[in-house]
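Here the structure comes first, spelled out in structure tokens, and everything after it is commentary.
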Amino acid sequence: MTEHSSPLTFDTSWQYAPAPESADHISLKSRYGLFIDGKFRKPRSGKYFDTINPANEEKLAEVAEADAADVEAAVKAARRAYDKYWSKLKPAERGKYVYRIARMIQEKAREFAVIESLDGGKPIRESKSVDIPLAAAHFFYYAGWADKLAYAFPGRDPRPLGVAGQIIPWNFPLLMAAWKLAPALACGNTVLLKPAETTPLTALKLAELIQEADLPPGVVNILTGAGETGAAIVRQPGIDKIAFTGSTEVGKIIQKAVAGTHKKLTLELGGKAANIVLEDAPIDQAVEGIVNGIYFNQGHVCCAGSRLFVQEGVAGEVIQKLKTRMQTLIVGDPLDKNTDIGAINSRTQLETIESYLKIGQEEGASMYQPAYPLPEKGYWCRPTLFTDTAQSHRITQEEIFGPVLAVQTFRTLEEVVAKANNTPYGLSAGVWTDKGAKIFGLTQQLRAGVIWANTYNKFDPTAPFGGYKESGFGREGGLHGLEAYLQL
Ligand code: NAP
Ligand code: MG
Numbered sequence: 002m003t004e005h006s007s008p009l010t011f012d013t014s015w016q017y018a019p020a021p022e023s024a025d026h027i028s029l030k031s032r033y034g035l036f037i038d039g040k041f042r043k044p045r046s047g048k049y050f051d052t053i054n055p056a057n058e059e060k061l062a063e064v065a066e067a068d069a070a071d072v073e074a075a076v077k078a079a080r081r082a083y084d085k086y087w088s089k090l091k092p093a094e095r096g097k098y099v100y101r102i103a104r105m106i107q108e109k110a111r112e113f114a115v116i117e118s119l120d121g122g123k124p125i126r127e128s129k130s131v132d133i134p135l136a137a138a139h140f141f142y143y144a145g146w147a148d149k150l151a152y153a154f155p156g157r158d159p160r161p162l163g164v165a166g167q168i169i170p171w172n173f174p175l176l177m178a179a180w181k182l183a184p185a186l187a188c189g190n191t192v193l194l195k196p197a198e199t200t201p202l203t204a205l206k207l208a209e210l211i212q213e214a215d216l217p218p219g220v221v222n223i224l225t226g227a228g229e230t231g232a233a234i235v236r237q238p239g240i241d242k243i244a245f246t247g248s249t250e251v252g253k254i255i256q257k258a259v260a261g262t263h264k265k266l267t268l269e270l271g272g273k274a275a276n277i278v279l280e281d282a283p284i285d286q287a288v289e290g291i292v293n294g295i296y297f298n299q300g301h302v303c304c305a306g307s308r309l310f311v312q313e314g315v316a317g318e319v320i321q322k323l324k325t326r327m328q329t330l331i332v333g334d335p336l337d338k339n340t341d342i343g344a345i346n347s348r349t350q351l352e353t354i355e356s357y358l359k360i361g362q363e364e365g366a367s368m369y370q371p372a373y374p375l376p377e378k379g380y381w382c383r384p385t386l387f388t389d390t391a392q393s394h395r396i397t398q399e400e401i402f403g404p405v406l407a408v409q410t411f412r413t414l415e416e417v418v419a420k421a422n423n424t425p426y427g428l429s430a431g432v433w434t435d436k437g438a439k440i441f442g443l444t445q446q447l448r449a450g451v452i453w454a455n456t457y458n459k460f461d462p463t464a465p466f467g468g469y470k471e472s473g474f475g476r477e478g479g480l481h482g483l484e485a486y487l488q489l
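Quick note on our numbering: the sequence shown kicks off at 2 and runs consecutively.
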């Protein structure tokens, strides 16, 4: 299905033979309708759009564009399902359905992983080892809570909210769907989910799986479309709760639209995380962690460690080792098991990243990129490092959402805390040091929802995730994630 291209690297000793994952076992329809009330239906407008493979710009399938009338039909179906079955079902029975979804995702994990990489451009190694297993793990975790909500909130009376409208981005398509659906369903809500325009396919495969799992019709509705479909969901009066993950810009629009209505809201928005390396850190592990933190998933990660702070005494060594490591990163075919950095998700996103590369150079920062060639077709960006950056630079302040790292140095812990907190965001951070006391000291002072110590980008369904400041409010994951879908 995809054209294979083996990227060349600087140092020929780092070239691997191609190891493409087979795409023979996947089944994709040429056209997908909207999943409403347990069936795939044509959109009222009759409009469809293409979803493409960003690694070769080839069309994968056509998907329906939902408008306000389709959203209304889905809300009616969700309300009926809520009143008739889902809110009346014994919690343990609800849990069984959620477990079934978890098991079926595991059974179809290979197919989901390949489709995720085809539609979104992320390396197959990541889809297989991170996205799909974590999505299944979220369903398993929340299935367990379905009949134990009274124990989660002792002395209170947890009840579902009703119909939830959920809008998700393109960077972790199935995983974001799982973060949204699993707690909502376990708590007894029914849902409408809108995947991102550029990555609808795993959500549609999930709709097929939900049909196969025999979930009562209308409990889960999946509506593909563009930003306007999301806006129609936000406006729909029959919805009780909006859960949004995406950009801070759209999050603000949604917050305004929901203000003054009965709808509950949670927002998981952008980030500009500080990854902080102290002089006593294990340097080689830290370099791996920095690479994992920003070049992982093409930097399409809300919690990506996009700002690196290195203490002066080790700055030279860290930057040199980082550059050497960057030369060995393999950029290319997402379906190749050796690939470290896949395709940028869309042409628009590539243009955004490229505009920041220009801005960074114009601001006076020094840019470093390994010189290896990139595949000819598709959307690609080399891993990029900016040094000589300042706090005032746009590349150190704004979320780029690409494989672009801005480095700054510091002398004292007070200085790094002030610099790291000097951002409108507060989603995540990383600290690398040999001393536990410094870890505890820094984590107390950094204004970020998630802080990793001597590791980066580790996720677990039991751990709550979410931000401070303009990174949003509400928590997903863990016990905290249940609160977003309950009235207590
Ligand atoms: P986005 O442009 O905000 O889009 C997110 C979703 O909202 C998409 O489904 C989008 O549809 C839809 N949408 C667009 N305009 C809308 C509107 N006016 N009303 C309602 N929905 C609307 O974000 P993105 O570019 O897809 O994702 C990247 C952003 O997500 C980054 O800022 C990243 O940090 C953030 N993110 C945060 C977390 C977290 O947990 N905090 C996790 C992942 C990503 P279309 O796709 O059709 O435009
Ligand atoms: Mg696509």
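Cβ atoms here follow ideal geometry from the backbone N, Cα and C, with glycine treated the same way.
Asked: So, with DSSP's three-state summary, where would you put Tyr-1?; Found: Since the first residue of the chain shown is 2 and the last is 489, residue 1 is not available in this structure.
Asked: So, with DSSP's three-state summary, where would you put Ser-46?; Found: coil
Asked: So what does DSSP say about Thr-490, is it helix, strand or coil?; Found: Because the chain here runs from 2 to 489, residue 490 falls outside it and cannot be looked at.
Asked: Taking just the CA atoms, how far does Thr-191 sit from Gly-219?; Found: 7 Å
Asked: Is the beta carbon of Thr-390 within less than 7 Å of some heavy atom of the ligand NAP?; Found: no
Asked: Using the three-state DSSP reduction, which class does His-5 fall into: helix, strand or coil?; Found: Model confidence at His-5 stands at a pLDDT of 34, short of 50, so the residue's coordinates are unreliable; what they give is reported in the following sentence. Three-state result, His-5: coil.
Asked: Kindly indicate which three-state DSSP category Leu-443 falls into: helix, strand or coil?; Found: helix
Asked: Touch check for the region 116-135 and the region 333-346: three-plus C-beta pairs under 8 Å?; Found: yes
Asked: Indicate whether Lys-48 and Glu-66 have their beta-carbon atoms separated by less than 8 Å.; Found: yes
Asked: Does the beta-carbon of Pro-55, which I'm using as the reference point, lie nearer than 7 Å to any heavy atom of the ligand MG?; Found: yes
Asked: Going by CA-CA distance only, name the one from Leu-489, Ile-277 and Asp-285 that's closest to Ala-407.; Found: Ile-277
Asked: What are the boundary residues of the alpha helix (DSSP H) that Asn-222 is part of?; Found: Segment 221-223 is the beta strand (DSSP E) holding Asn-222; no alpha helix (DSSP H) there.
Asked: If we call anything under 8 Å between Cβ atoms a contact, is Ser-429 one with Gly-450?; Found: yes
Asked: Whole angstroms are fine: how far does the CA of Gly-427 sit from the CA of Pro-256?; Found: The amino acid at residue 256 is misidentified as Pro; the sequence shows Gln. Each residue's alpha carbon lies about 18 Å from the other.
Asked: Within the present structure, is the beta-carbon of Leu-428 separated from the nearest heavy atom of the ligand COA by less than 7 Å?; Found: Among the ligands in the structure shown, the ligand COA does not appear; only the ligand NAP and the ligand MG can be found there.
Asked: Which same chain residues, not among the five before or five after Ala-244, have their C-beta less than 7 Å away from its C-beta?; Found: Ala-165, Gln-167, Lys-181, Thr-267 and Ala-485
Asked: Say yes only if the C-beta of Ala-485 is nearer than 7 Å to one or more non-hydrogen atoms of the ligand NAP, and no if none qualify.; Found: no
Asked: Are the beta-carbon atoms belonging to Ala-214 and Tyr-98 less than 8 Å from one another?; Found: yes
Asked: Taking the beta strand (DSSP E) that Trp-171 belongs to, which residues open and close that run?; Found: Note, Trp-171: premise wrong, no beta strand (DSSP E); not H, not E.
Asked: Taking buried to mean at least 16 other C-beta atoms within 10 Å of its own C-beta, is Gly-261 buried or exposed?; Found: exposed
Asked: Please return the same chain residues whose Cβ sits closer than 7 Å to the Cβ of Ser-88, not counting the five positions on each side in sequence.; Found: Pro-161 and Gly-189
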